[in-house]
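With positions in the sequence shown counted from 1, the corresponding number in my numbering is that position plus 55.
Read through the structure below, which is laid out as structure tokens, and then see the notes.
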Amino acid sequence: MERVRYRLERQAAEASLQPSRVTLRGSLTLGELLSEIERQSGNRLRTSRLPSRLLRRRTTVDFNREPFWLVMEPLSNAAGFSWRLARAERTDGAGRSAGDAGLGKKSGLQSPAPTGGRQLDLFVPATERPAERSDCVGAFRVAAAAEEATALDAQRLLAIQMRIEPEPRLRAIALIYAEKDFRVRSAEGVLLRPFSPKARSELPLGDGRRRLLFVASRNQKLRSVSLDGRVTVQVAAGQRLFRFRPLKQCVGQSVRRGGARVTVTDVRFRQRTDAEDGPAGEATVRIALVYDRGGPAFESYRTWMFHNRVWLERPDGSRVPPWGGFDTTRQADGAVGIAYRFRGDVDLLTEARFVYEAPTFVLDVPVAFRIEGLSLPTVDRTDAAGQAVEGPMPF
């Protein structure tokens, strides 16, 4: 039975990595379109930085189960807005914002957003948008632009600015790639070799931006290039609830979901003294979160493991959010220990259940892409007669 449950949970986690799809038809305002895209895809879109006149502009669309990125791209091009992936403010079960929850004292992290914890922050750029091209691969978008790079060791270098963007709903935690897995080819069919063909990187995904260098012959004039590549994105997937017995009897209880196990290691209650102000009491709940998957790379960017939602559930179904953020009590290979505090009447807290929400698997997602038509920057030069001409940068 455990093996069957594990297999089903993994299948559900893998299914969550498929692209979200959007169906929209008719004439709607941009604000209506974005609201409906957010609802259908589960991706948070922050529109507060878009002008109200732009949000009121009507657009006729016909999207039939199109992937999220293939909907956002044409809307962005037509309306003239850009985006960046940003950390989303969260609200917990009681409706409080993350700012009310405080900081994790030992980790120095803000109490984070649930699930992916990201949103797409939409804005109208102050300057002309960069000339980038893109390829949409499932739930991921890969964008790139070419530019001149400073020469090194008398070599002419071409720089590719690459950006890997997961759908905001996904908790993408790391990017893994080898530079030998990228191919840059000119429009004339000339292959440019990577500057560091033996380099391999395993880094937190962050904003997904990476800079790749390629070597061109000194006299070669490049008008445009194509970029083929493949990367691996590690994603924490399969969001599930871990529910425990009431606090008065849950110490030592472990709950396993997929490849993750959560154990309540300690619960302590403290009654307010007559000399103290504030709530009648406090409960401190210590847990251990352990994943089957570990290793040095996993350990180096485990801060995502703190980005989970937690609350106490009273017998009447109401929720008690944590107070004061969290403390980090342990950090090990594929595991963390965390302490949460909850305030309230101690007699009532003892009857409340601890509920924790977390991803159940860390999965490797291969992303293979091809981007064509990356234009090279141009410069003003002079011909033999001293007349100004414009042409491709001589790399």
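Idealized CB from N, CA, C, for every residue including glycine.
All figures in this text were calculated on a predicted structure; none of them were measured in a lab.
- Flag this pair as touching only if the region 213-220 and the region 195-204 have three or more C-beta atom pairs under 8 Å; answer yes or no. Yes, they touch.
- Query: What is the rounded straight-line gap between the Cα of residue 178 and the Cα of residue 276?
  - Reply: When rounded, the distance between both Cα atoms is 36 Å.
- Touching by the beta-carbon criterion (3+ pairs, under 8 Å), the region 325-344 and the region 248-265: By the C-beta criterion, the region 325-344 is judged not to be in contact with the region 248-265, since fewer than 3 inter-stretch pairs fall below 8 Å.
- Message: Among 212, 281, 345 and 398, whose alpha-carbon lies nearest the alpha-carbon of residue 274?
- Response: For residue 274, the closest C-alpha among the options 212, 281, 345 and 398 is that of 212.
- Item | Proximity below 8 Å, CB of residue 64 to CB of residue 318 | Not a contact, by the Cβ cut-off of 8 Å.
- Task: Would you decide whether residue 129 is buried or exposed? Buried here means 16 or more other CB atoms lie within 10 Å of its CB.
- Result: Of the residues assessed, residue 129 falls on the exposed side of the cut-off, its CB having fewer than 16 other CB atoms within 10 angstroms.
- Same chain only: Cβ atoms within 7 Å of residue 204, ignoring 5 sequence neighbours per side: Cβ within range, chain order: 212, 213, 214 and 268.
- Message: My output table needs one value for residue 401: the three-state DSSP class, helix, strand or coil.
- Response: Note: residue 401 maps to helix in three-state DSSP.
- Message: Does residue 313 come out as helix, strand or coil in the three-state DSSP assignment?
- Response: Note: residue 313 maps to coil in three-state DSSP.
- Item | 7 Å Cβ shell around residue 458 - same chain, five flanking residues per side excluded | Outside the displayed span of the chain (56 to 450) sits residue 458, for which this structure offers no information.
- What residues in its chain sit with their C-beta under 8 Å from that of residue 320, if we drop five residues either side in the sequence? Same-chain partners within the cutoff: 306, 307, 341, 342, 343 and 392.
- Does the Cβ-Cβ distance between residue 421 and residue 285 come in under 8 Å? With respect to residue 285, residue 421 sits close: the two C-beta atoms are nearer than 8 Å.
- Could you say which of 127, 136, 337 and 124 lies nearest to residue 106 if we only look at CA atoms? Put simply, of 127, 136, 337 and 124 the residue whose alpha carbon is nearest the alpha carbon of residue 106 is 136.
- Nearest-angstrom Cα distance between residue 123 and residue 405? Rounded to the nearest angstrom, the gap between the Cα atoms of residue 123 and residue 405 is 44 Å.
- Nearest to residue 451 by alpha carbon, out of 101, 133 and 94? Outside the modelled stretch of the chain, which goes from 56 to 450, sits residue 451, for which no answer is possible.
- Task: Excluding the 5 residues preceding and the 5 following residue 210 in the sequence, name in chain order all residues of the same chain whose CB lies nearer than 7 Å to its CB.
- Result: Listed in chain order, the non-local C-beta contacts of residue 210 below 7 Å within the same chain comprise 270, local neighbours out to five positions each way being set aside.
- Query: Does the Cβ of residue 373 have 16 or more other Cβ atoms within 10 Å, making it buried, or fewer, making it exposed?
  - Reply: Around the beta carbon of residue 373, fewer than 16 other beta carbons lie within 10 angstroms, which makes this residue exposed.
- Query: Given that a residue counts as buried once 16 or more other Cβ atoms are within 10 Å of its Cβ, and exposed if not, what is residue 82?
  - Reply: By the C-beta density criterion, residue 82 is exposed, having fewer than 16 other C-beta atoms within 10 angstroms.
- Residues that residue 346 bridges to, as DSSP identifies them: Its beta-bridge partners are 315.
- Item | Alpha-carbon spacing of residue 399 relative to residue 266, whole angstroms | Rounded to whole angstroms, residue 399 to residue 266 spans 51 Å at the Cα level.
- Name the residue from 118, 70 and 108 whose alpha carbon lies nearest to the alpha carbon of residue 91. With distances taken between Cα atoms, residue 91 lies closest to 118.
- How is residue 271 classed by DSSP in three states: helix, strand or coil? Here residue 271 carries a strand assignment [DSSP, helix/strand/coil].
- Since residue 347 contacts residue 293 with CB under 8 Å, what's their CB separation in whole angstroms? Contact between residue 347 and residue 293 is absent: CB atoms are separated by about 12 Å, not below the 8 Å threshold.
- Label residue 288 either buried or exposed according to how many other C-beta atoms from any shown protein chain fall within 10 Å of its C-beta, with 16 as the threshold for buried. It counts as buried.
- Sort 388, 283 and 368 by Cα distance to residue 358 and report the nearest one. The shortest C-alpha separation from residue 358 is found at 388.
- Task: Report the rounded CA-to-CA distance for residue 59 versus residue 417, giving the unit in angstroms.
- Result: Distance between the alpha carbons of residue 59 and residue 417 is about 19 Å.
- In the region 178-207, which residue ranges form an unbroken alpha helix (DSSP H) of at least 4 residues, counting only runs that do not cross its ends? The qualifying runs do not exist here; there are none.
- Query: Where are the alpha helix (DSSP H) runs, 4 residues long or more, that stay fully inside the region 61-140, in chain order?
  - Reply: For the alpha helix (DSSP H) assignment, the uninterrupted runs of no fewer than 4 residues enclosed by the region 61-140 are, from N- to C-terminal side, 85-96, 107-110 and 123-134.
- Taking just the CA atoms, how far does residue 76 sit from residue 181? Taking the straight line from one Cα to the other gives about 31 Å.
- Sequence-distant residues of its chain with Cβ nearer than 7 Å to residue 248 (five each side left out): Within its own chain, the residues whose Cβ lies closer than 7 Å to the Cβ of residue 248, once the five positions on either side in sequence are excluded, are 269 and 270, listed in chain order.
- Assuming residue 120 and residue 78 form a contact by the criterion Cβ under 8 Å, report the distance between their Cβ atoms to the nearest whole angstrom. Residue 120 to residue 78, Cβ: 5 Å. Contact.
- Tell me whether the beta-carbon of residue 133 lies closer than 8 Å to the beta-carbon of residue 176. Annotated as distal: residue 133 and residue 176, with beta-carbon spacing of 8 Å or more.
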